[in-house]
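Heads up, the thing below is written out as structure tokens.
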């Protein structure tokens with residue numbers, strides 16, 4: 002049980018996400034990011050399965066066969082693509098829905114901060130894209146959301162934080178279309 006270490010990790014993560022969100026003008030999303038991690042369902046599971054090098058939900062899942070903390074988290078935080086699945090009235094199947102822009106940008110900032118937090122001094126702007134590529138495409142993510150996420154993380158890797166954040170402010174958050182031709 003590591004409640005103090007877990008508290009420090011999630012608080013450091015939140016502060017990194019806030020800093021990144023503020024840098025692109027997404028103040029509300031930065032302030033509200035991951036508040037559910039401080040509630041009992043997520044906090045105590047995180048403290049119990051804390052290792053400091055990756056999400057405790059992975060360890061909870063290994064030990065319990067599922068992660069109640071993750072199920073709670075994805076259901077309460079719209080910056081996770083797993084939140085954006087809904088019943089298609091035509092097929093009567095749950096299918097991915099494209100993420101609204103503000104949550105897509107928060108997801109980008111979340112992935113950057115998670116990489117910074119877990120990689121520490123070994124972090125580079127390539128790390129969030131490497132993590133996405135390692136995980137591979139998830140069919141529960143809407144293809145357009147994946148395309149935009151991959152584009153922004155590739156830009157981060159190739160052009161750096163300053164240019165990527167400027168692009169997010171000036172193009173993405175203004176809802177202007179973007180893709181390879183935008184760069």
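Residue numbers (the numbering used here): 2 to 184.
Glycine included, every Cβ here is placed at the ideal spot set by N, Cα and C.
Report task. Please work out which residues of its chain come closer than 6 angstroms, Cβ to Cβ, to residue 4, disregarding the five sequence neighbours upstream and downstream, and give them in chain order. Result -> The sequence position of residue 4 within the chain shown is 3, counting from 1. Answer for residue 4: 48, listed in chain order.
Query raised in the report: So which of 12, 2 and 103 has the shortest CA-CA distance to residue 37?
Result: For the purposes of this step, residue 37 is taken as the residue at position 36 of the chain shown. The shortest Cα separation from residue 37 among 12, 2 and 103 belongs to 12.
Query raised in the report: Looking at residue 103 and residue 160, is the spacing between their C-beta atoms short of 7 angstroms?
Result: Walking along the chain shown from the start, residue 160 turns up at place 159. Walking along the chain shown from the start, residue 103 turns up at place 102. For the 7 angstroms CB-CB criterion, residue 160 and residue 103 do not form a contact.
Query raised in the report: Within 10 angstroms of its Cβ, does residue 74 collect 16 or more other Cβ (buried), or is it exposed?
Result: Stepping through the chain shown from its first residue, residue 74 is reached at position 73. Looking at its Cβ environment, which holds 16 or more other Cβ atoms inside 10 Å, residue 74 is buried.
Report task. Give me the Cα-Cα distance between residue 149 and residue 119, rounded to the nearest whole angstrom. Result -> Mapped onto the chain shown, residue 149 falls at position 148. Mapped onto the chain shown, residue 119 falls at position 118. Using only the alpha carbons, I get a separation of about 24 angstroms.
Query raised in the report: Using the C-alpha atoms, what's the distance from residue 110 back to residue 141?
Result: Stepping through the chain shown from its first residue, residue 141 is reached at position 140. Stepping through the chain shown from its first residue, residue 110 is reached at position 109. Within the model, the alpha-carbon separation for residue 141 versus residue 110 is close to 20 angstroms.
Query raised in the report: Which whole-angstrom value is the C-beta distance of residue 51 and residue 16, which I expect to be below 8 angstroms?
Result: Mapped onto the chain shown, residue 51 falls at position 50. Mapped onto the chain shown, residue 16 falls at position 15. The pair is not a contact, with the Cβ atoms about 18 angstroms apart (cut-off 8 angstroms).
Query - Unbroken beta strand (DSSP E) run spanning residue 86, endpoints - result: Here the question's residue 86 lines up with position 85 in the chain shown. Taken as a continuous stretch (DSSP letters only), the beta strand (DSSP E) holding residue 86 covers 86-88.
Requested in this report: Going by CA-CA distance only, name the one from 146, 20, 163 and 10 that's closest to residue 178.
Outcome: Here residue 178 is taken as the residue at index 177 of the chain shown, counted from 1. Ranking the options by Cα distance to residue 178, first place goes to 146.
**Report entry** In DSSP terms, what residue 96 is bridged to
**Finding:** Taking the chain shown and counting its residues from 1, one reaches residue 96 at position 95. In the DSSP assignment, the residues bridged to residue 96 are 87.
Query raised in the report: Considering residue 35, what are the terminal residues of the alpha helix (DSSP H) in which it resides?
Result: As a working note, residue 35 is residue 34 in the chain shown. Run containing residue 35: none; DSSP gives neither H nor E here.
Query - Close-in-space but distant-in-sequence residues of the same chain around residue 55 (CB under 7 angstroms, 5 per side omitted) - result: As a working note, residue 55 is residue 54 in the chain shown. Once the five neighbours on either side are set aside, the close Cβ partners of residue 55 are 119.
Query raised in the report: Between residue 106 and residue 135, what straight-line distance do the alpha-carbon atoms span, to the nearest angstrom?
Result: Within the chain shown, residue 106 is the residue found at index 105, counting from 1. Within the chain shown, residue 135 is the residue found at index 134, counting from 1. Spanning the two alpha carbons is a distance of roughly 21 angstroms.
Query - Nonlocal neighbours in the same chain, by C-beta distance under 7 angstroms from residue 79, ignoring five residues either side - result: For this step, residue 79 is matched to residue 78 along the chain shown. Taken in chain order, the residues that qualify are 104.
Query raised in the report: Pairing CB atoms from the stretch 86-98 with CB atoms from the stretch 59-73, are three or more of them under 8 angstroms?
Result: no
Report task. Decide if residue 10 is buried, meaning its Cβ has at least 16 other Cβ atoms within 10 Å, or exposed. Result -> Reading the chain shown from its first residue, position 9 is the one you call residue 10. So residue 10 ends up on the buried side.
Query raised in the report: Apart from the five residues just before and just after residue 22, which ones in its own chain have a Cβ nearer than 6 angstroms to its Cβ?
Result: As a working note, residue 22 is residue 21 in the chain shown. Only 30, 31 and 110 meet the Cβ criterion.
Query raised in the report: Do residue 158 and residue 126 have their C-beta atoms closer together than 7 angstroms?
Result: Counting from one through the chain shown, the residue named residue 158 turns up at place 157. Counting from one through the chain shown, the residue named residue 126 turns up at place 125. Result yes, Cβ atoms of residue 158 and residue 126 sit closer than 7 angstroms.
Query raised in the report: Thinking C-beta only, is residue 18 closer than 7 angstroms to residue 128?
Result: Within the chain shown, residue 128 is the residue found at index 127, counting from 1. Within the chain shown, residue 18 is the residue found at index 17, counting from 1. With a cutoff of 7 angstroms on beta-carbon distance, residue 128 and residue 18 are scored as not near each other.
Query raised in the report: What span of residues does the alpha helix (DSSP H) with residue 82 cover, start to end?
Result: Position 81 of the chain shown holds residue 82. Unbroken run through residue 82: none, as it is neither H nor E.
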